[in-house]
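A quick write-up on the structure given underneath.
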Amino acid sequence: NAGVTQTPKFQVLKTGQSMTLQCAQDMNHEYMSWYRQDPGMGLRLIHYSVGAGITDQGEVPNGYNVSRSTTEDFPLRLLSAAPSQTSVYFCASSYNRGGYTFGSGTRLTVV
Amino acid sequence: QQQVKQSPQSLIVQKGGISIINCAYENTAFDYFPWYQQFPGKGPALLIAIRPDVSEKKEGRFTISFNKSAKQFSLHIMDSQPGDSATYFCAATRGTPLVFGKGTRLSVIA
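Right, dumping it as structure tokens:
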């Protein structure tokens, strides 16, 4: 049972490049979310999904896109990377809206 | 607007002591209040959670105290151990994704 799998674990991008952070869960969870973690800022919600085909914006959605074509996968796309997007990104999933399981994170640096 | 306020930012406790972390929320519609523990380089992990119909929940050395009228809840770690050294996040939800506090870095020293 893998839980929530995030890839890659580390990534360096140049300003303006695009990329997709992958997130997959094998627990058949309906609820999935993306957070970014910055020092002193806690965990801030980027986008979330309550089921396949349904997504919504969180607190800091600008510069990011998501889609949810299957229950298992919830990729996060950076359209044109900026240094302000340097952060650690966490994907999480839940079956009951509250008890979220987190992945191990993707550490992204934009230069 | 910060919906969940957490204090203190950092905390140093002697081994065997009690660690107390406090959170306050604004939205009275919140109906689930979890605490997460995060070790360096790892994702947050659910530690303990409470719903507003109870005032206290205990799991081993970890206790959540909940004060609905004051819109506050706190995490107490009894007999704190060096292995408890981590960052702790409180959170709240009303059926949408979790809203997190900014975290408390706990250091337990021998």
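Quick note, the sequences are listed as chains V and U, same order.
Under the numbering used here, the first residue of the first sequence is numbered 102, with each subsequent residue one higher.
Under the numbering used here, the first residue of the second sequence is numbered 244, with each subsequent residue one higher.
No residue lacks a Cβ here, since even glycine has one placed at the ideal position from N, Cα and C.
* Asked: Is Gly303 (chain U) helix, strand or coil by DSSP?
  -> coil
* Asked: At least one CB of chain U closer than 8 Å to the CB of Leu177 (chain V): is that the case?
  -> no
* Asked: Which same chain residues, not among the five before or five after Lys110 (chain V), have their C-beta less than 8 Å away from its C-beta?
  -> Ser205, Gly206, Thr207, Arg208
* Asked: Beta-carbon of Leu144 (chain V) versus every beta-carbon of chain U: anything under 8 Å?
  -> yes
* Reducing DSSP to helix, strand and coil, say where Asp127 (chain V) ends up. => coil
* Alpha-carbon spacing of Gly159 (chain V) relative to Thr306 (chain U), whole angstroms -> 30 Å
* Asked: Taking Cβ-Cβ distances below 9 Å as the criterion, which residues of the segment 152-169 of chain V are in contact with chain U?
  -> Asp157, Gly159, Glu160
* Are three or more beta carbon pairs between the segment 264-279 of chain U and the segment 287-294 of chain U nearer than 8 Å? -> yes
* To do: Taking 8 Å as the cut-off, decide whether the C-beta atoms of Asp157 (chain V) and His148 (chain V) are in contact.
  => yes
* **Per DSSP, the bridge partner or partners of Asn166 (chain V)** => V:Arg178
* Asked: Which residues bound the beta strand (DSSP E) around Asp157 (chain V)?
  -> 155-158
* Inter-residue spacing [alpha-carbon to alpha-carbon] between Leu146 (chain V) and Arg137 (chain V) -> 7 Å
* Where the beta strand (DSSP E) through Thr133 (chain V) begins and ends -> According to the sequence as given, residue 133 (chain V) is Met; it is not Thr. 132-139 is the extent of the beta strand (DSSP E) around Met133 (chain V).
* Alpha-carbon spacing of Phe175 (chain V) relative to Ser181 (chain V), whole angstroms -> 19 Å
* Asked: Between Phe111 (chain V) and chain U, is there a C-beta pair that is closer than 8 Å?
  -> no
* Given a threshold of 16 other Cβ atoms within 10 Å of its Cβ, counted over all protein chains shown, does Gln213 (chain V) qualify as buried or as exposed? -> The requested residue 213 (chain V) does not occur in the structure, where chain V is confined to residues 102 to 212.
* Give, in chain order, every unbroken run of the beta strand (DSSP E) that is at least 3 residues long and sits entirely within the segment 260-326 of chain U. => 262-268, 276-281, 288-293, 299-302, 305-310, 315-320
* Taking only beta-carbon atoms, is Ser134 (chain V) less than 8 Å away from chain U? -> yes
* Asked: Do you know offhand how far Ser354 (chain U)'s Cα is from Ile320 (chain U)'s?
  -> Because residue 354 (chain U) is not part of the residues shown, which for chain U are 244 to 353, the question remains open.
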